[in-house]
Each structure stands twice: as C-alpha cells, then as structure tokens.
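Its first residue numbered 3, the sequence shown is counted upward by one per residue in this note's numbering. Glycine included, each C-beta is placed from N, C-alpha and C at the ideal position. What follows is a single structure, written as structure tokens, with notes after it.
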Amino acid sequence: MRSSSYSVMPARTLRALVVLALAAGATTAAPAARAEATAPALAAKPYMGWSSWSMQSSKYPGLNPDGDYSYLTEANVIEQADAMAAKLKKYGYEYVNIDAGWWMDKAWKPGFDQYGRQKPDPVRFPSGMKAVADRIHAKGLKAGIYLPAGLEKGAYGDGKNPVWNADGCTTADIVHGDLRTTNGWDSAYKLDFSKPCTQKYIDSQAQLIADWGYDFLKLDGVGPGSGKSGDQYDNVADVAAWQKAIAAAGRPIHLELSWSLDIGRVADWKKYSQGWRIDTDVECYCNTLVSWENSVDDRWDDTPGWTRHAGPGGWNDLDSLDVGNGRMDGLTKAERQSYATLWAIAKSPLYTGDDLTRLDSYGLSLLTNREVIALNQGATPPARPVTPSDPQQVWAAKNPDGTYTVALFNLADAPAAVTAHWASLGFTGKAAVRDLWNHENLGPHKEKITQALPAHGSRLFTVTPHGGALTTTAYEAESPANTLGGNASVADCSACSGGHKVGNLYLGGKVTFDKVVVDKAGTYQVKVAYVSGDARSVDVSANGGGATRHKFPSTGDWGTVETVSVPVTLKAGANTITFDSGSGYAPDIDRIDVPKSSS
Numbered sequence: 003m004r005s006s007s008y009s010v011m012p013a014r015t016l017r018a019l020v021v022l023a024l025a026a027g028a029t030t031a032a033p034a035a036r037a038e039a040t041a042p043a044l045a046a047k048p049y050m051g052w053s054s055w056s057m058q059s060s061k062y063p064g065l066n067p068d069g070d071y072s073y074l075t076e077a078n079v080i081e082q083a084d085a086m087a088a089k090l091k092k093y094g095y096e097y098v099n100i101d102a103g104w105w106m107d108k109a110w111k112p113g114f115d116q117y118g119r120q121k122p123d124p125v126r127f128p129s130g131m132k133a134v135a136d137r138i139h140a141k142g143l144k145a146g147i148y149l150p151a152g153l154e155k156g157a158y159g160d161g162k163n164p165v166w167n168a169d170g171c172t173t174a175d176i177v178h179g180d181l182r183t184t185n186g187w188d189s190a191y192k193l194d195f196s197k198p199c200t201q202k203y204i205d206s207q208a209q210l211i212a213d214w215g216y217d218f219l220k221l222d223g224v225g226p227g228s229g230k231s232g233d234q235y236d237n238v239a240d241v242a243a244w245q246k247a248i249a250a251a252g253r254p255i256h257l258e259l260s261w262s263l264d265i266g267r268v269a270d271w272k273k274y275s276q277g278w279r280i281d282t283d284v285e286c287y288c289n290t291l292v293s294w295e296n297s298v299d300d301r302w303d304d305t306p307g308w309t310r311h312a313g314p315g316g317w318n319d320l321d322s323l324d325v326g327n328g329r330m331d332g333l334t335k336a337e338r339q340s341y342a343t344l345w346a347i348a349k350s351p352l353y354t355g356d357d358l359t360r361l362d363s364y365g366l367s368l369l370t371n372r373e374v375i376a377l378n379q380g381a382t383p384p385a386r387p388v389t390p391s392d393p394q395q396v397w398a399a400k401n402p403d404g405t406y407t408v409a410l411f412n413l414a415d416a417p418a419a420v421t422a423h424w425a426s427l428g429f430t431g432k433a434a435v436r437d438l439w440n441h442e443n444l445g446p447h448k449e450k451i452t453q454a455l456p457a458h459g460s461r462l463f464t465v466t467p468h469g470g471a472l473t474t475t476a477y478e479a480e481s482p483a484n485t486l487g488g489n490a491s492v493a494d495c496s497a498c499s500g501g502h503k504v505g506n507l508y509l510g511g512k513v514t515f516d517k518v519v520v521d522k523a524g525t526y527q528v529k530v531a532y533v534s535g536d537a538r539s540v541d542v543s544a545n546g547g548g549a550t551r552h553k554f555p556s557t558g559d560w561g562t563v564e565t566v567s568v569p570v571t572l573k574a575g576a577n578t579i580t581f582d583s584g585s586g587y588a589p590d591i592d593r594i595d596v597p598k599s600s601s
C-alpha cells in the first residue's frame with residue numbers, strides 16, 4: 003500500500019527542536035478580527051481549490067530543485083494563488099491549501115514555538131503564515147493549512163514546554179505517560195484526552211491558525227485509518243477536540259481528515275468534520291504527479307462503499323485532481339477525462355495539485371467545464387455503479403429534477419464498447435442524452451446508449467427519460483421455491499426487502515432462483531439486490547449454462563443493501579438463475595428483479 007503524503011517524509015526520525023520565539027504573526031488577534039458568527043455553513047457543497055502536495059512529492063524535473071519537498075515555499079504558494087485567481091476563481095475554485103512541511107527546513111528539521119506549536123520555517127515562509135494568508139485573501143480566495151494528528155515528538159521538549167493560555171499545563175500533561183506514538187507514521191505522541199490540559203493544547207493550535215487567518219485545516223495521519231488500527235491509533239478523540247477548538251476559535255475553519263479512513267467510524271468523521279479521505283494518496287511519488295495504476299484507478303473500486311455517506315456538510319475526498327498539466331500529470335487524455343469524471347460524479351472535492359501557471363489547453367478545459375462543475379457542485383446526488391465493477395462499468399444517479407447522471411467507463415487496457423441500459427436506471431423507452439464534456443445534445447436514444455471507448459476512457463451524460471417506468475417481477479432469495487447449495491443459508495436482514503437474505507456464499511455456496519418466468523427469449527437486465535461489506539465476485543448463470551463472473555462493488559458494510567444490474571440470457575417460459583461463489587467469497591443476495599421485457 004502506498005504511503006500517505008506525510009509518510010514518505012523523514013518524519014519518523016524527527017529530532018526534538020524547541021524554538022523559544024513565536025513565529026512571525028503568531029500572536030493572538032483581538033476578538034474583533036475574528037469571523038462573523040453569521041458565516042455560511044461549511045461544506046454545503048464539495049470544496050474546490052489547489053493543494054501543494056502533488057508538486058512537492060513529485061520527482062518531475064525542476065519541481066524540487068533544492069531537494070525533496072523543496073517546492074513548498076511562500077513564493078510558489080503565492081504564484082499559484084495568483085494563477086488560480088486569474089484562471090480558475092470564476093469557475094468556483096477558491097481554496098489555496100498549504101500541505102505538509104511548512105514548519106520544516108530543507109533538511110526536514112521541524113520548528114516549534116515555545117508552546118509546542120508548529121512554527122513556519124523562515125526560509126520557506128519568510129513573511130510568516132499570517133502574511134501568506136493575507137496575500138491569498140487579497141485575491142478573494144481562501145487559505146488552507148496542514149497539521150498531523152497528535153503531539154509531534156519534536157514539540158514535546160522533555161515534557162517541559164508550557165501550553166499556551168493554560169496555566170500550569172506542560173506538554174507532559176497532555177500525552178500518555180508511556181509516550182505511546184500515534185498517527186500514520188508514528189511521528190507524534192498520542193494525546194491523552196482524559197487529562198484536562200489536553201484540550202487546551204488543541205485549543206492553542208486552533209487559535210493560532212485562526213489568528214493567522216486560515217479557513218481550512220487538513221488533519222493528516224488520522225486513525226483508525228492511515229494504515230493503522232487499534233487503540234494507539236484511534237484519533238477520534240483528536241478530531242472531536244479539533245471540532246470543539248475550532249468552534250471556540252472564532253473563525254469558520256473547514257476540517258478535512260486524511261487518509262484512508264476507516265469506514266467503520268464514518269459516523270464520527272461525519273459528526274466532527276467536513277470531509278474525509280477515503281483512500282491512499284493519489285500521487286505516484288515518481289517522475290510525474292500521478293500514474294493510472296498508482297493509484298488513480300483504485301478509486302473505482304474504493305469509492306462505492308462510501309457513496310451514501312456524502313452530502314451537504316461532509317464529503318468523500320478522493321484526493322487531488324491532477325489533470326491539467328499533460329506530460330507532468332503522467333496520464334493520457336482519456337485517463338485525464340475519466341479521472342475528472344469520477345471525481346465529479348462522486349461529488350468529491352475538486353482540488354488540483356497541478357501547476358496552475360502552466361495548464362495546457364486540454365487540462366484547462368477539463369478543470370473549467372461549467373456543466374461538469376455544476377454536476378459536482380449542484381443538488382445532484384453522488385453516483386454509484388449500477389453495473390458490476392467489471393472492466394466496463396456504468397455509474398448513475400437519479401437527480402431531483404427526474405434526469406439521470408450517467409457515466410460510462412472502460413477501465414480495460416484496450417478499447418471496448420460500453421452500454422448503459424435504461425432498464426438499469428429503472429425506466430424504459432426513449433430518453434434524451436446530453437454529452438456534458440462536449441456540450442452536445444445527442445438526441446433521443448431508445449432503451450440504451452452504447453459508446454466505443456478507448457482504453458481507460460469515459461463519457462458523461464445527463465439522460466432525460468421520455469418513456470415509462472420499468473415493470474419487473476421480484477424474486478426473493480430466501481424463497482422456499484429456490485435451491486441452496488454448499489454453505490448457503492438464509493439469514494435475517496433488517497435492510498432487505500423480505501427481512502431475509504441468503505448468505506454464507508463461499509467456497510461453492512450458491513443460490514438458484516428456480517422459477518424465473520419471462521414471456522420471450524432474450525437478454526434481460528436483471529437487477530440484483532445484495533449486501534457486501536467489501537467488493538466480492540460471483541458467478542452468474544442461467545439454465546445450467548456457462549457462467550459469467552462479476553465483481554459486485556462494496557455496499558460499505560454488512561447492513562446496507564445496494565443494487566447492480568447484470569445481463570442474463572433467458573428462454574421463454576420458466577428459467578433458473580444461479581449465483582455461485584465458486585472458489586471464493588460472494589456477496590449476500592437479497593432478491594432479484596427481472597424486467598417484463600428484454601433489452
């Protein structure tokens with residue numbers, strides 16, 4: 003598994019450094035300078051902006067001439083802010099986010115103030131962090147900053163550093179006595195929130211960045227997640243403390259959590275923050291910013307289980323969208339469009355890590371397509387797969403106005419046709435199709451749309467139905483009319499349509515729907531309702547014929563039902579449809595819905 007943005011640094015070997023002077027601009031501002039209480043709600047829609055990390059972490063020639071991560075400087079941040087204001091601001095991009103390293107010198111040696119808080123490196127940020135935020139704000143933009151979870155080892159100072167605005171509290175009073183470590187890289191001591199001084203330390207950090215004028219905080223290395231699990235790496239209390247501290251600091255600050263967070267704690271992430279990274283870093287840590295395999299393509303597998311958790315107030319973060327720089331991105335044009343398409347339909351924040359001073363024309367067109375941005379920023383829900391997670395996929399969502407967002411993806415390494423059947427969306431007949439990337443009306447399409455796509459290619463449509471609702475016949479998996487084989491058994495399922503499902507489909511376990519009746523022979527888009535806490539594959543066959551293996555995307559947990567449609571060729575009259583785990587583990591099956599007519 004790839005490391006996160008902070009893990010690739012030499013943070014694991016940070017040496018203690020106590021600096022007895024406050025950073026420039028670090029003094030506490032008067033309450034009058036704080037944001038008004040009437041500020042709009044945070045994260046009403048996915049945020050848009052730029053992050054420094056992709057260029058910091060890349061080996062692309064010229065980006066980091068003074069050593070690893072040396073790109074991060076005040077001058078470069080301001081240059082990117084200027085470019086965003088000129089090129090992207092009018093499209094909704096507003097956050098300029100400074101990532102890890104702003105308190106590190108070029109040898110990656112950290113600096114801290116006398117209260118154990120990160121202090122900006124005077125070479126990287128000679129004007130101090132407040133001046134940088136002021137410059138960003140002067141452009142009509144918002145400023146973002148970064149911190150890791152826990153008390154960094156270098157901030158401990160033998161436990162004698164005082165905590166700001168907390169009489170009698172020192173750094174020894176805020177961590178566990180055994181100095182257990184925490185976060186994704188064990189670069190910090192775990193905070194002990196049973197001690198009254200500990201919240202005061204988080205309060206001091208939040209007040210500092212609020213007084214500097216920052217509008218966004220990325221809290222990184224958060225667990226459970228970030229490649230770690232167990233009590234030592236459980237940072238939910240940290241996140242709760244940050245929410246409390248931000249609320250008291252007098253300035254609205256968007257709190258974004260990173261990385262690969264545990265979906266089992268999603269209720270906590272939603273309660274205490276405005277966004278959460280669902281996956282590893284998108285950067286490849288190579289001579290480009292990203293690559294398709296490392297790990298842009300992972301998002302198609304990892305996103306579906308999180309989909310239902312995204313909405314106003316908190317969003318699933320798929321990481322940086324690096325599609326604007328051509329060769330430096332390390333992707334084909336088809337891959338760049340697919341990357342942008344998934345981020346848009348998943349309602350991920352749209353923040354790029356590209357060099358905004360040298361966007362190519364194609365990249366600029368991807369980042370500034372108003373129809374695609376409107377899809378991401380508007381009232382449309384996030385899309386999820388309506389077909390299995392096979393090399394050719396269809397993702398869709400029904401919009402409040404009755405239209406559908408429909409994306410076609412060919413994730414194979416060779417060209418292939420991809421078809422979206424209206425039956426998989428729940429209607430039949432004709433529909434009008436609008437191509438969002440090309441701003442083109444494609445006219446009416448009956449029952450489906452098929453597109454020939456290049457390797458890793460995509461198309462993105464708005465589909466407006468003009469036909470009727472699809473009529474289907476439902477068959478419950480637990481019906482006594484069906485045949486169970488191997489380990490398969492009926493289990494209770496409160497989320498399932500009949501209150502039950504068929505589970506234990508592993509190592510030859512299977513369920514056969516024995517009396518599926520259709521009037522005419524043909525291929526039917528059979529909708530399968532299933533439960534699967536992770537992505538699992540199953541062999542689907544009809545009437546004892548050859549099976550097709552399909553991978554069903556995760557439903558996020560073992561208590562949630564989702565659906566995908568699979569093509570099944572049936573004969574007129576009675577049929578059998580079998581779901582067989584084969585030699586692996588298959589999803590639990592709730593029911594199937596068979597259309598009255600074939601596709």
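For residue j and residue i, the rounded distance between their alpha carbons
i	j	result
SER391	ALA531	15 Å
VAL533	LYS92	43 Å
PHE429	LEU455	25 Å
GLU38	SER599	Legend: pLDDT at GLU38 = 36, less than 50; position of this residue unreliable, no value from coordinates given.
PRO589	ASP516	19 Å
ASN99	LEU257	12 Å
PRO306	SER583	21 Å
THR173	THR200	9 Å
GLY487	VAL504	11 Å
ALA493	LYS512	14 Å
GLY328	GLY365	7 Å
PRO63	CYS288	11 Å
GLY156	GLY223	17 Å
THR514	ASN401	35 Å
SER340	GLN234	38 Å
ASP160	LEU358	43 Å
GLN245	SER275	7 Å
LYS47	SER496	32 Å
ARG538	HIS311	21 Å
LYS272	LEU44	13 Å
GLY546	THR183	56 Å
Residue i vs residue j beta-carbon contact at 8 Å
i	j	result
LYS108	SER72	yes
GLY94	LEU74	no
VAL444	THR407	According to the sequence shown, residue 444 is Leu rather than Val. For LEU444 and THR407, no; Cβs fall outside 8 Å.
LEU323	TRP345	yes
ALA151	ALA212	no
LEU291	ASP319	no
GLY657	TYR353	Limits of the chain in this structure are 3 at one end and 601 at the other, which puts residue 657 out of reach.
Proximal residues to residue i (C-beta, below 6 Å), its chain only, five neighbours per side dropped
i	result
SER1	As shown, the chain starts at 3 and ends at 601. That puts residue 1 outside it, with no answer to give.
ARG461	LEU410 and GLN453
ILE138	ALA83, VAL98 and ALA145
GLU564	THR557
LEU507	ALA490, SER583 and ALA588
ALA35	Low local confidence applies: a pLDDT of 36 at ALA35 is under 50, so the model's placement there is unreliable, and no value is given.
THR29	Bear in mind that the predicted position of THR29 carries a pLDDT of just 33, short of 50, making it unreliable; the figure below should be weighed with that in mind. Answer for THR29: no residue qualifies.
LYS432	PRO446, LYS448, HIS468 and GLY469
GLU478	GLY500 and ARG593
TRP439	LEU462
SER60	LEU291
GLY227	SER262, LEU263 and ASP264
Contact belief for residue i with residue j at Cβ below 8 Å, rounded distance in angstroms
i	j	result
THR309	PRO384	5 Å
PRO208	ILE248	Checking the sequence, you will find Ala at residue 208 rather than Pro. That pair is a contact at about 5 Å.
SER567	ALA425	7 Å
PRO351	GLY277	6 Å
GLY179	TRP261	Actually they do not touch by this definition, with Cβ atoms about 29 Å apart.
ALA476	ASP595	5 Å
LEU210	ASP240	Actually they are not in contact, since the Cβ atoms of LEU210 and ASP240 sit about 16 Å apart, beyond 8 Å.
Beta-carbon contacts of residue i that lie in its chain and below 7 Å, excluding the five residues immediately before and after
i	result
PHE127	GLU76, TRP104 and VAL134
TRP294	LEU333, GLU337 and HIS458
TYR216	ALA135, ALA145, GLY146, ILE147 and ILE255
VAL79	SER54, VAL98, ILE100 and VAL134
Cβ neighbours of residue i in the same chain (closer than 8 Å, five flanking residues each side left out)
i	result
VAL165	TYR117, GLY118, CYS171, THR172, THR173, ASP175, ILE176, CYS199, LYS202, TYR203 and SER206
ASP101	SER7, SER53, SER54, TRP55, GLN58, LEU74, TYR148 and LYS220
Sequence ranges, beta strand (DSSP E) only - wholly within the segment 217 to 296, length at least 3: You should have 218 to 222, 256 to 259 and 277 to 279.
Continuous beta strand (DSSP E) assignments of at least 3 residues falling wholly in the segment 492 to 575: List check, beta strand (DSSP E) in window: 502 to 505, 512 to 520, 524 to 533, 538 to 544, 550 to 554 and 564 to 572.
Whole runs of the alpha helix (DSSP H) within the segment 300 to 331, excluding any shorter than 4 residues: Listed in chain order, the complete alpha helix (DSSP H) runs (minimum 4 residues) inside the segment 300 to 331 are 301 to 304.
Continuous alpha helix (DSSP H) assignments of at least 4 residues falling wholly in the segment 350 to 397: Counting only runs of 4 or more, we get 363 to 369 and 372 to 379.
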